[in-house]
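Protein chains in written order, with the working numbering: chain R, 1 to 72; chain X, 1 to 635. One structure is given below, encoded as structure tokens.
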Amino acid sequence: MEKGIIALAAALAVGIPAFATALAQAKIGSAGAGTVAEKPETAGVMIILEAIPETMVILGFVVAIMLILQFA
Amino acid sequence: MIRDMLRLAIWGVTRRKSDIIATLHDLGILHLDPPKSLDITSPQLDRLKLLRGKLLGVLEALEWTGWATLKESDISHARYSLNLPFDDIVSEISHSLDQFSNRLGCSLNERKDLQDLYVKLKNAHEILLHFHSFLRKDISEGYYVSLWWMNKTDMAEALTLIRNEISRIAPIKTGEYMRYHPYIQPDGEMLVAVAVNEQFSEMVSRIMESCNGALWKAPSGYERENILETSDAIEEGLNLLPEKRRELESDLKNTAQIWGPKLAAIYILADEKLEEIFLGKMAHSLGDAFLIEGWIPADELEKVLSSLRENYGSDVFVQWRYPSAAEWNDVPISLSNSTLSRPFELFLKLLQPPRYKTTDPTSAIALFFPLFGGCMVGDVGYGLLIFLLGFSLRKRSQNRICNDLGVIVIFMAIWSIAWGVAYGEFFGDVGHRLFGMEPLWVERSHAVMPVMILTIVMGAAHIILGLFIGLYEGIKTKRRHVWMEKTGNLCVLFALIGALVTLKGWLPQEVFTIALSSLIIGLILLIAGGGIGGLVESMGAIGNILSYVRIAAIGLSSAILALVASKFIDVFGLSLLGIFLALSVHLLNFVLAIGGASIHSARLHYVEFMGKFYSGGGKDYKPFSRGREFRWRRG
Chain R
1 MEKGIIALAA
11 ALAVGIPAFA
21 TALAQAKIGS
31 AGAGTVAEKP
41 ETAGVMIILE
51 AIPETMVILG
61 FVVAIMLILQ
71 FA
Chain X
1 MIRDMLRLAI
11 WGVTRRKSDI
21 IATLHDLGIL
31 HLDPPKSLDI
41 TSPQLDRLKL
51 LRGKLLGVLE
61 ALEWTGWATL
71 KESDISHARY
81 SLNLPFDDIV
91 SEISHSLDQF
101 SNRLGCSLNE
111 RKDLQDLYVK
121 LKNAHEILLH
131 FHSFLRKDIS
141 EGYYVSLWWM
151 NKTDMAEALT
161 LIRNEISRIA
171 PIKTGEYMRY
181 HPYIQPDGEM
191 LVAVAVNEQF
201 SEMVSRIMES
211 CNGALWKAPS
221 GYERENILET
231 SDAIEEGLNL
241 LPEKRRELES
251 DLKNTAQIWG
261 PKLAAIYILA
271 DEKLEEIFLG
281 KMAHSLGDAF
291 LIEGWIPADE
301 LEKVLSSLRE
311 NYGSDVFVQW
321 RYPSAAEWND
331 VPISLSNSTL
341 SRPFELFLKL
351 LQPPRYKTTD
361 PTSAIALFFP
371 LFGGCMVGDV
381 GYGLLIFLLG
391 FSLRKRSQNR
401 ICNDLGVIVI
411 FMAIWSIAWG
421 VAYGEFFGDV
431 GHRLFGMEPL
441 WVERSHAVMP
451 VMILTIVMGA
461 AHIILGLFIG
471 LYEGIKTKRR
481 HVWMEKTGNL
491 CVLFALIGAL
501 VTLKGWLPQE
511 VFTIALSSLI
521 IGLILLIAGG
531 GIGGLVESMG
541 AIGNILSYVR
551 IAAIGLSSAI
561 LALVASKFID
571 VFGLSLLGIF
581 LALSVHLLNF
591 VLAIGGASIH
601 SARLHYVEFM
611 GKFYSGGGKD
621 YKPFSRGREF
631 RWRRG
């Protein structure tokens with residue numbers, strides 16, 4: 001039971017930031033696509049901007065790993 | 001690193017102005033300030049612009065797109081061949097070009113006519129094909145057949161009238177004959193074929209025309225005695241036309257191949273000449289002398305001086321000086337890096353160039369980008385594949401950007417192999433299964449924490465390096481808030497590291513006191529340098545270090561995907577399906593590994609590392625040179 005709750009907590013620690021990241025990336029992606037259509041030379045910068053919100057998932061991943069390693 | 005630049009002032013005698021400008025053009029070193037006003041006009045400029053426009057028009061009409069394949073030798077040859085006085089050469093080329101355009105226009109018109117005729121014949125052929133059996137039967141029996149465009153409603157009326165008229169003229173049944181066949185085309189238009197005795201042909205024409213009918217006619221030149229013969233002529237035409245078109249296309253293609261590079265070379269020469277005239281107009285005129293000012297890299301000074309001295313002796317006088325601090329924002333930026341790190345200058349192409357007297361991060365990128373990327377991939381097998389990819393990019397492509405990309409990929413591949421050895425991975429656990437490969441350090445799919453800690457340590461080192469560079473720049477440019485903020489950040493980071501290490505028991509307890517002092521000093525400096533914003537930035541620096549955990553996270557996902565590929569072989573055995581699924585997962589993992597590793601490694605540099613010191617805002621160094629490599633390579 002306890003292990004199950006820890007696993008759920010770890011899943012939420014990754015899942016919620018992943019959802020938030022997806023929302024942010026969707027907005028950046030659509031804005032980026034518009035920008036690249038008008039200025040193709042910004043493609044590189046847009047790819048980088050698209051990767052920025054992923055930090056949230058990375059931090060979520062750290063929390064999940066800590067949970068699993070400490071308590072499971 | 002950013003090259004030192006010099007402000008150069010070239011004084012010369014006016015009578016040698018065009019020669020001196022041509023020499024500067026040949027040297028291709030002087031960067032000119034952008035003109036303050038662009039409306040410089042002269043008859044010479046206008047003639048050249050017109051010639052350039054004509055050349056471009058002819059090249060487009062020729063459908064020549066070989067800019068990327070144009071060789072420097074083509075341009076040199078044209079330059080050598082056209083060594084005549086300017087006015088003569090422009091009028092001569094313009095005259096020849098007009099004649100060439102006329103001939104080309106004739107050929108292009110002929111091609112268009114052939115295309116149009118082919119379409120017309122094709123349409124006529126389709127129509128006649130529909131009526132073929134009708135025409136063959138009635139014409140062979142000696143009846144008169146005509147085709148008419150009509151409305152559906154008018155057709156019924158016209159046919160009734162014809163039938164009545166035939167009954168009236170020939171009441172006796174013998175010899176009375178009328179047959180028709182309608183055809184509705186896909187676009188809704190309607191054609192009707194009417195066959196009658198020869199004696200009624202005029203009557204049919206009269207009635208059809210009175211009912212708004214229009215006689216169908218074969219394309220011009222293909223009309224014959226009767227429609228059947230017309231059909232044969234059209235069919236023959238359809239067989240012959242493609243051959244004619246092919247011949248004409250081949251002629252045009254040959255013309256484009258022969259004349260395209262020559263005309264393009266003349267276009268580039270005209271462009272260069274235009275620049276020279278433009279520079280001549282921009283130069284300050286001082287009676288019998290003129291003055292041209294610009295920027296050159298300091299290490300090229302001797303080359304410029306010796307060239308001008310050799311060619312013009314005392315007719316030219318050169319002054320130079322280093323830019324003052326007030327001018328730093330106007331100085332063009334030219335980077336100079338070692339052969340190994342130069343390809344990494346590509347990363348700065350996505351940003352504005354660095355400002356003069358700031359730090360060029362290329363060397364640091366050359367060291368850390370492949371290190372981080374390789375750590376994410378961390379597989380000997382994938383590393384070898386990436387190496388092959390980089391090698392083929394370098395070998396096959398003539399493009400400089402692709403070449404640089406090839407070098408970057410090769411560097412990443414080398415680090416991927418090195419990390420792969422450390423993790424003991426060769427296409428996941430295939431190396432272990434086949435050759436008993438063991439990790440030199442840890443197996444990252446099982447030991448997550450050591451890899452995570454290592455990535456945080458690498459991140460801390462990277463961020464601290466960025467902060468040190470920022471501190472150095474703050475001191476150099478005498479910006480108090482910058483160096484105080486960077487020092488404060490460094491103190492806070494060192495305090496946290498010191499506290500952590502002490503708590504772990506790796507260092508004596510006294511270090512904790514030093515760390516606490518460092519934290520207090522750091523916080524004071526942060527508030528003094530950037531106020532509350534400074535404190536927020538220090539939190540950002542800690543977040544930035546944690547962001548490097550992505551190296552471990554992406555690496556872990558890559559390692560697990562590679563293991564999943566092997567699992568397919570375990571489940572399905574060495575069957576076709578098992579091998580196919582395993583290869584598919586490896587392919588997916590390989591693509592993700594390259595894409596993910598590159599993007600995230602680049603992001604760590606752009607956001608986390610360069611965010612600590614890089615501000616951009618510099619100007620690109622664009623020397624006044626002949627045939628600038630990318631300027632005339634229009635896609």
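Positions of the beta carbon are idealized from the N, C-alpha and C atoms, including for glycine. Computed from a predicted structure; not experimentally measured.
For residue 586 of chain X, the nearest candidate out of X/497, X/426, X/484 (CA to CA): In the second sequence, residue 586 of chain X corresponds to position 586, counting from 1. Considering only alpha carbons, the answer is X/426.
4-residue-minimum alpha helix (DSSP H) runs that sit fully inside the stretch 224-301 of chain X, ordered along the chain: Counting only runs that start and end inside the stretch 224-301 of chain X, the alpha helix (DSSP H) elements of at least 4 residues fall at 227-282.
Residue 95 of chain X, DSSP secondary structure in three states: To locate residue 95 of chain X, count along the second sequence from 1; it is residue 95. Here residue 95 of chain X sits in helix by DSSP.
Minimum C-alpha distance to residue 166 of chain X - residue among X/178, X/156, X/155: Within the second sequence, numbered from 1, the residue matching residue 166 of chain X stands at position 166. Proximity to residue 166 of chain X across X/178, X/156, X/155 peaks at X/178, based on C-alpha coordinates.
Nearest-angstrom Cα separation, counted from residue 3 of chain X out to residue 633 of chain X: Stepping through the second sequence from its first residue, residue 633 of chain X is reached at position 633. Stepping through the second sequence from its first residue, residue 3 of chain X is reached at position 3. Any reading at residue 633 of chain X must be qualified, since the residue scores a pLDDT of 47, below 50, and its modelled position is unreliable; the value itself is stated next. When rounded, the separation of the alpha-carbon atoms in residue 633 of chain X and residue 3 of chain X is 27 Å.
Which residues DSSP lists as bridging residue 426 of chain X, in chain order: In the second sequence, counting from the first residue as 1, residue 426 of chain X sits at position 426. Under DSSP, residue 426 of chain X takes part in a beta bridge, and its partners are X/429.
Spatially closest choice to residue 64 of chain X from X/452, X/85, X/257, X/295, by CA coordinates: Taking the second sequence and counting its residues from 1, one reaches residue 64 of chain X at position 64. That would be X/257, whose Cα lies nearest to the Cα of residue 64 of chain X.
Given 8 Å, three or more beta-carbon pairs between the stretch 72-87 of chain X and the stretch 262-277 of chain X: The way I'd put it, the stretch 72-87 of chain X does touch the stretch 262-277 of chain X; three or more beta-carbon pairs between them come closer than 8 Å.
C-beta neighbour in chain X for residue 20 of chain R, strict 9 Å: As a first step, residue 20 of chain R is located in the first sequence; it is residue number 20 there, counting from the start. Among the residues facing chain X, residue 20 of chain R is not included, as its CB has no counterpart in that chain under 9 Å away.
C-beta neighbour in chain R for residue 639 of chain X, strict 9 Å: There is no way to answer for residue 639 of chain X, as the model of chain X reaches only from 1 to 635.
Near-chain R residues of the stretch 436-455 of chain X - C-beta to any C-beta below 8 Å: The stretch 436-455 of chain X vs chain R, Cβ under 8 Å: 448, 449, 452.
Reduced DSSP secondary structure (H/G/I, E/B, other) of residue 70 of chain R: The residue labelled residue 70 of chain R in the question sits at position 70 within the first sequence. Correct three-state label for residue 70 of chain R: helix.
Proximity test, Cβ basis, 9 Å: residue 392 of chain X and chain R: One-based indexing of the second sequence puts residue 392 of chain X at position 392. Cβ-Cβ to chain R under 9 Å: no for residue 392 of chain X.
Buried/exposed call for residue 487 of chain X, threshold 16 Cβ in 10 Å: As a position in the second sequence, residue 487 of chain X is number 487, starting the count at 1. Taking all protein chains in view, the Cβ of residue 487 of chain X is crowded by 16 or more other Cβ atoms within 10 Å, so the residue is classified as buried.
Residue 138 of chain X versus residue 128 of chain X: straight-line alpha-carbon distance, rounded: Position 138 of the second sequence holds residue 138 of chain X. Position 128 of the second sequence holds residue 128 of chain X. Take the alpha-carbon of residue 138 of chain X and the one of residue 128 of chain X: they are about 14 Å apart.
Straight-line Cα distance separating residue 480 of chain X from residue 618 of chain X: Numbered from 1 along the second sequence, position 618 holds the residue referred to as residue 618 of chain X. Numbered from 1 along the second sequence, position 480 holds the residue referred to as residue 480 of chain X. Their Cα atoms are separated by approximately 22 Å.
N- and C-terminal bounds of the alpha helix (DSSP H) containing residue 183 of chain X: Reading the second sequence from its first residue, position 183 is the one you call residue 183 of chain X. Segment 178-184 is the beta strand (DSSP E) holding residue 183 of chain X; no alpha helix (DSSP H) there.
Extent of the continuous beta strand (DSSP E) run through residue 437 of chain X: Residue numbering aside, residue 437 of chain X sits at position 437 when the second sequence is read from its first letter. No beta strand (DSSP E) holds residue 437 of chain X; DSSP gives it neither H nor E.
Residue closest to residue 517 of chain X, alpha-carbon to alpha-carbon, out of X/88, X/491, X/507, X/529: Here residue 517 of chain X is taken as the residue at index 517 of the second sequence, counted from 1. Nearest C-alpha to residue 517 of chain X: X/491.
C-beta neighbour in chain R for residue 482 of chain X, strict 9 Å: Here residue 482 of chain X refers to the residue found at position 482 when the second sequence is read from its first residue. By this cut-off, residue 482 of chain X is not an interface position.
Beta-carbon neighbours of residue 600 of chain X, restricted to chain R and to distances below 8 Å: The sequence position of residue 600 of chain X within the second sequence is 600, counting from 1. What residue 600 of chain X touches in chain R: 51, 54.
Delimiting residues of the alpha helix (DSSP H) encompassing residue 192 of chain X: In the second sequence, residue 192 of chain X corresponds to position 192, counting from 1. Looking at the DSSP string, residue 192 of chain X is not in any alpha helix (DSSP H); the run it does join, the beta strand (DSSP E), is 190-196.
Exposed unless 16 or more other CB atoms sit within 10 angstroms - verdict on residue 242 of chain X: Residue numbering aside, residue 242 of chain X sits at position 242 when the second sequence is read from its first letter. By the neighbour-count definition (other C-beta atoms within 10 Å, threshold 16), residue 242 of chain X is an exposed residue.
Burial state of residue 377 of chain X (16 or more Cβ within 10 Å): Counting from 1 along the second sequence, the entry for residue 377 of chain X is found at position 377. By the neighbour-count rule (16 or more Cβ atoms within 10 Å), residue 377 of chain X is buried.
Cβ pair residue 55 of chain R, residue 543 of chain X closer than 9 Å: Along the first sequence, read from residue 1 onward, the residue named residue 55 of chain R stands at position 55. Along the second sequence, read from residue 1 onward, the residue named residue 543 of chain X stands at position 543. Taking 9 Å as the Cβ cut-off, residue 55 of chain R and residue 543 of chain X qualify as a contacting pair.
Proximal chain R residues relative to residue 553 of chain X, where beta-carbon distance stays under 9 Å: Here the question's residue 553 of chain X lines up with position 553 in the second sequence. Going along chain R in sequence order, the residues near residue 553 of chain X (Cβ under 9 Å) are 57, 58, 61, 62, 65.
Cβ pair residue 125 of chain X, residue 234 of chain X closer than 9 Å: As a working mapping, residue 125 of chain X is identified with position 125 in the second sequence. As a working mapping, residue 234 of chain X is identified with position 234 in the second sequence. One thing to note: residue 125 of chain X has its Cβ within 9 Å of the Cβ of residue 234 of chain X.
Under 9 Å from the C-beta of residue 73 of chain R: neighbouring residues of chain X: With chain R covering only 1 through 72, there is no way to say anything about residue 73 of chain R.
Which listed residue (X/610, X/52, X/48) has its alpha carbon closest to that of residue 358 of chain X: One-based indexing of the second sequence puts residue 358 of chain X at position 358. Comparing Cα positions, the closest option is X/610.
Same chain, Cβ closer than 6 Å to residue 423 of chain X, five either side skipped, listed in chain order: Taking the first residue of the second sequence as position 1, residue 423 of chain X is located at position 423. Taken in chain order, the residues that qualify are 378, 439, 444.
Contacts of residue 44 of chain R in chain X (Cβ-Cβ under 7 Å): What you label residue 44 of chain R is simply residue 44 of the first sequence in a count that begins at 1. The answer, in chain order, is 350.
Proximity test, Cβ basis, 9 Å: residue 47 of chain R and chain X: As a first step, residue 47 of chain R must be located in the first sequence, where it is residue number 47. For residue 47 of chain R, a Cβ of chain X is located within less than 9 Å of the residue's own Cβ.
Residue 26 of chain X classed as buried or exposed, judged by whether at least 16 other C-beta atoms fall within 10 angstroms: What you label residue 26 of chain X is simply residue 26 of the second sequence in a count that begins at 1. Classification for residue 26 of chain X: exposed.
Proximity of residue 639 of chain X and residue 430 of chain X at Cβ, strictly below 9 Å: Only positions 1 to 635 of chain X appear in this structure, which leaves residue 639 of chain X out of reach.
Assigned secondary structure, residue 31 of chain X (DSSP; H/G/I helix, E/B strand, else coil): Here residue 31 of chain X corresponds to residue number 31 of the second sequence, with the count starting at 1. Residue 31 of chain X: strand per DSSP, three-state reduction.
6 Å CB neighbourhood of residue 353 of chain X in its chain, flanking five on each side removed: For this step, residue 353 of chain X is matched to residue 353 along the second sequence. Excluding residues within five positions, the ones whose Cβ falls inside 6 Å are 333, 618, 620.
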